[in-house]
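Just so you know, we're using UniProt numbering here: the sequence shown kicks off at 1 and counts up by one. Structure first, commentary second.
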Amino acid sequence: MDRITVLCCCNMAGTDKKKLLIIGKSAKPRCFKNIKIINLPVSYLANKNAWMTAEIFTSWLKDWDKELGKQSRKILLIVDNAGPYPKLIDLKNITLEFLPPNTTSLVQPLDMGIIKNLKTHYRGLLVKYILKAIEDNLVTPSTCAIDISSKINILQAIQFVADSWRKVSSVTIQHCFAHCGFRPLIDLPIPPIVSIENDVVQCVGNGELFIKIDDGVQCFNENENYDHILDEIAERSLQNEESDDDGYDVQPVKITTREAEKCIDQLRLYFMQNENGNAPTTSLDVCADFIKKQSFDKLNQRTMDDFLQPNKI
Numbered sequence: 001m002d003r004i005t006v007l008c009c010c011n012m013a014g015t016d017k018k019k020l021l022i023i024g025k026s027a028k029p030r031c032f033k034n035i036k037i038i039n040l041p042v043s044y045l046a047n048k049n050a051w052m053t054a055e056i057f058t059s060w061l062k063d064w065d066k067e068l069g070k071q072s073r074k075i076l077l078i079v080d081n082a083g084p085y086p087k088l089i090d091l092k093n094i095t096l097e098f099l100p101p102n103t104t105s106l107v108q109p110l111d112m113g114i115i116k117n118l119k120t121h122y123r124g125l126l127v128k129y130i131l132k133a134i135e136d137n138l139v140t141p142s143t144c145a146i147d148i149s150s151k152i153n154i155l156q157a158i159q160f161v162a163d164s165w166r167k168v169s170s171v172t173i174q175h176c177f178a179h180c181g182f183r184p185l186i187d188l189p190i191p192p193i194v195s196i197e198n199d200v201v202q203c204v205g206n207g208e209l210f211i212k213i214d215d216g217v218q219c220f221n222e223n224e225n226y227d228h229i230l231d232e233i234a235e236r237s238l239q240n241e242e243s244d245d246d247g248y249d250v251q252p253v254k255i256t257t258r259e260a261e262k263c264i265d266q267l268r269l270y271f272m273q274n275e276n277g278n279a280p281t282t283s284l285d286v287c288a289d290f291i292k293k294q295s296f297d298k299l300n301q302r303t304m305d306d307f308l309q310p311n312k313i
């Protein structure tokens with residue numbers, strides 16, 4: 001069975017949610033065919049257990065440190081003590097502050113509801129996916145929800161979790177930081193965390209249990225040492241091979257620029273036919289402009305000889 005580990009990071013105001021770091025078991029799952037990893041909505045890395053390791057965390061921090069340097073920014077990063085996080089890392093723009101041992105449940109802002117809210121949105125998307133599969137007659141009458149969810153591949157899971165992270169509001173983040181004692185200069189009224197996904201999740205019965213079902217899943221090796229890191233490095237050559245673990249994966253078909261343009265046209269028509277006047281047409285225009293630029297750039301790469309070739313008889 002596939003699994004992923006997700007690293008979340010955000011600022012106290014909820015205005016800067018860093019792109020999620022996803023750790024999977026395979027460096028090249030079959031569902032990534034025709035997909036450029038750099039274009040994923042998350043940062044993706046892999047090791048054999050899909051665990052967070054000291055090596056991965058250090059690499060992630062150093063990359064971020066370089067980004068902050070280019071922006072002339074310096075930050076204080078509060079880090080959980082109960083993980084494989086090296087305390088001695090040479091960073092110029094990030095100051096690490098580790099929480100006291102055994103205090104995660106009391107003073108870790110992400111554990112105060114941010115991660116739970118992310119999971120709530122994720123489970124809601126999962127339920128919607130299952131219901132849509134049933135509605136579209138993609139399953140047999142004897143198929144159960146577990147059968148459908150077990151066929152979700154890594155790429156789909158990444159899209160679900162990235163969308164869920166986007167839906168975690170700044171208000172929710174501020175509330176969780178304030179609960180741990182990190183309070184802004186001006187106290188803001190914090191409404192309860194309510195969403196459509198919450199309502200959908202409750203439909204499965206015990207919604208709270210459904211959200212917390214993976215709370216006990218191990219995300220790192222508690223006894224990790226640097227010998228283990230050397231073992232990880234030795235296995236990299238194996239990780240570069242395409243994964244055959246995802247037996248249910250359907251390899252994505254490469255979409256042409258023309259096909260993307262047709263999809264935009266169909267979406268425009270859909271929104272014009274929809275009675276709801278709050279359609280996200282501005283976002284659609286941004287996508288359309290990007291696709292048009294891609295099309296023009298490809299056309300511009302051709303030489304005049306391509307158009308002036310004599311017809312061959």
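Beta carbons are placed, not taken as given, at the ideal position from N, Cα and C, and that holds for glycine.
Please classify residue i: does DSSP put it in a helix, a strand, or coil?
i           : result
A50         : coil
T282        : helix
S43         : strand
L21         : strand
V161        : helix
residue 327 : Missing from the structure shown is residue 327; the chain here goes from 1 to 313 and no further.
S170        : helix
P29         : coil
I264        : helix
M12         : coil
D136        : coil
P109        : helix
K62         : helix
K36         : coil
D147        : helix
C287        : helix
N153        : coil
I115        : helix
F271        : helix
T257        : helix
L91         : coil
G181        : coil
Y129        : helix
Y122        : helix
K74         : coil
T104        : helix
Return yes when the Cβ of residue j is within less than 8 Å of the Cβ of residue i, no when it is not.
i           : j    : result
I130        : A145 : yes
residue 389 : I4   : As displayed, the chain neither begins before 1 nor continues past 313, which places residue 389 out of reach and without an answer.
S43         : L21  : yes
K28         : D2   : no
I23         : L40  : no
residue 317 : E97  : This structure cannot settle anything about residue 317, because the visible part of the chain is limited to 1 through 313.
P109        : N81  : no
L91         : D63  : no
F271        : A279 : yes
N93         : K74  : yes
residue 322 : L125 : One cannot answer for residue 322 here, as it falls past the ends of the chain, which runs 1 to 313.
K18         : C31  : no
P252        : K36  : no
V286        : V161 : no
In or out: residue i buried (at least 16 other Cβ within 10 Å) or exposed?
i           : result
T15         : exposed
M12         : buried
E197        : At E197, the pLDDT of 47 sits below 50, so the modelled position is not reliable and the matter cannot be decided from this model.
E55         : buried
P84         : buried
L118        : buried
G181        : exposed
L76         : exposed
C263        : exposed
T120        : buried
R258        : exposed
S283        : exposed
G247        : For G247, the predicted structure reports a pLDDT of 46, less than 50, and the residue's modelled location is therefore unreliable. A value from the coordinates is still provided. Burial call: exposed.
N47         : buried
L88         : exposed
T53         : buried
Y122        : buried
T172        : buried
residue 323 : Any property of residue 323 remains undetermined from this structure, which presents the chain solely from 1 to 313.
I38         : exposed
F57         : buried
F177        : buried
Q174        : buried
Flag residue i as yes if its beta-carbon sits less than 8 Å from any beta-carbon of chain C, otherwise no.
i   : result
N34 : This model lacks chain C altogether; it includes just one protein chain.
Per the DSSP calculation, residue i is bridged to which residue(s)?
i           : result
F98         : V79
residue 324 : For residue 324 there is no data in the structure shown, the boundaries of the chain being 1 and 313.
For the ligand ADP, is there a heavy atom less than 7 Å away from the beta-carbon of residue i?
i    : result
T143 : Only the bare structure without any ligand can be found here, which leaves the ligand ADP out of the picture.
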